[in-house]
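What follows is one structure encoded as structure tokens, with my remarks underneath.
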Amino acid sequence: MNINKFISNIFIKDEFGRHELNACNFIEGYGILGDLKGGTPLKEIVLYISPNIPNSNNNGLCSKKFKPNIIINNISISEFKVNQTINIGTAILKINQIGKKCYKECSLIESNTLCPLKTNVIFASVIKSGKFEKYKKEN
8 MNINKFISNI FIKDEFGRHE LNACNFIEGY GILGDLKGGT PLKEIVLYIS PNIPNSNNNG
68 LCSKKFKPNI IINNISISEF KVNQTINIGT AILKINQIGK KCYKECSLIE SNTLCPLKTN
128 VIFASVIKSG KFEKYKKEN
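Residue numbers (the working numbering): 8 to 146.
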């Protein structure tokens, strides 16, 4: 499945902080070139499916520190399955996990509130290196 047209934002974290990119290089077995979070087995790339990123307003335990690499809009999480491959530019990623595990200490769990990270997060690995340039919308 090619998801290029659904990608709205791409981020990396380097020694200077978090930065949005218009283009990136995916490195097999690592993640996005220049990303300090890269190299984590099975979680090299973190994708978030939603028009709204969780923030500190929802008071979840992970909300403040959650920073996805890629934000995807206008596609349902139901389109994705574990072990599925997705194409981003010339790179190929493999989905390893859908949904982030929750902690019982989280106030959202305690208040029986559904956390968007439990359902709208995808963890993936780069199985073929490649390049991506963010989709350009025509005026």
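Glycine included, C-beta positions come from ideal geometry on N, C-alpha and C.
Extent of the continuous alpha helix (DSSP H) to which residue i belongs
i: Lys-125; result: 123-126
i: Leu-100; result: Taken as a continuous stretch (DSSP letters only), Leu-100 belongs to no alpha helix (DSSP H), being part of the beta strand (DSSP E) at 98-105.
i: Ile-84; result: Premise fails: Ile-84 is in no alpha helix (DSSP H) and is neither H nor E.
Residues near residue i in its chain [Cβ-Cβ closer than 8 Å; skip 5 each side]
i: Asp-21; result: Gly-41, Asp-42 and Leu-43
i: Gly-137; result: Asn-32, Phe-33, Ile-95, Gly-96, Thr-97, Ala-98 and Ile-99
C-alpha distance - residue i paired with residue j, whole-angstrom precision
i: Lys-71; j: Cys-31; result: 25 Å
i: Glu-27; j: Phe-18; result: 4 Å
i: Lys-134; j: Gly-36; result: Reading the sequence as shown, one finds Ile at residue 134 and not Lys. Cα to Cα, Ile-134 sits roughly 7 Å from Gly-36.
i: Asn-119; j: Lys-108; result: 15 Å
i: Ala-98; j: Glu-51; result: 13 Å
i: Arg-25; j: Lys-74; result: 9 Å
i: Pro-48; j: Glu-86; result: 23 Å
i: Ser-15; j: Asn-29; result: 10 Å
i: Glu-117; j: Lys-125; result: 14 Å
i: Leu-68; j: Lys-111; result: 10 Å
i: Ser-132; j: Lys-141; result: 19 Å
i: Val-89; j: Phe-23; result: 33 Å
Integer Cβ distance of residue i from residue j, believed to fall under 8 Å
i: Phe-13; j: Ile-79; result: 5 Å
i: Phe-130; j: Asn-103; result: 5 Å
i: Val-53; j: Asn-81; result: Not quite, the Cβ-Cβ distance comes to about 19 Å (not below 8 Å), so this is no contact.
i: Ile-95; j: Phe-33; result: 7 Å
Range of the contiguous beta strand (DSSP E) that encloses residue i
i: Ser-15; result: 14-21
i: Ile-93; result: 92-95
i: Ile-34; result: 30-34
heavy atom of the ligand FAD below 6 Å from residue i C-beta
i: Asn-81; result: Judged by which ligands are present, the structure shown has none, so any question about the ligand FAD falls away.
Beta-carbon proximity list for residue i, same chain, < 7 Å, skipping 5 on both sides
i: Ser-57; result: Pro-123 and Asn-127
i: Ser-63; result: Reliability fails at Ser-63, whose pLDDT of 48 lies under 50, so the model's placement of it is uncertain and the value that follows must be treated cautiously. Hits under 7 Å: Ser-70 and Lys-71.
Residues near residue i in its chain [Cβ-Cβ closer than 6 Å; skip 5 each side]
i: Gly-46; result: Tyr-37
i: Ile-93; result: Met-8, Ile-10 and Leu-100
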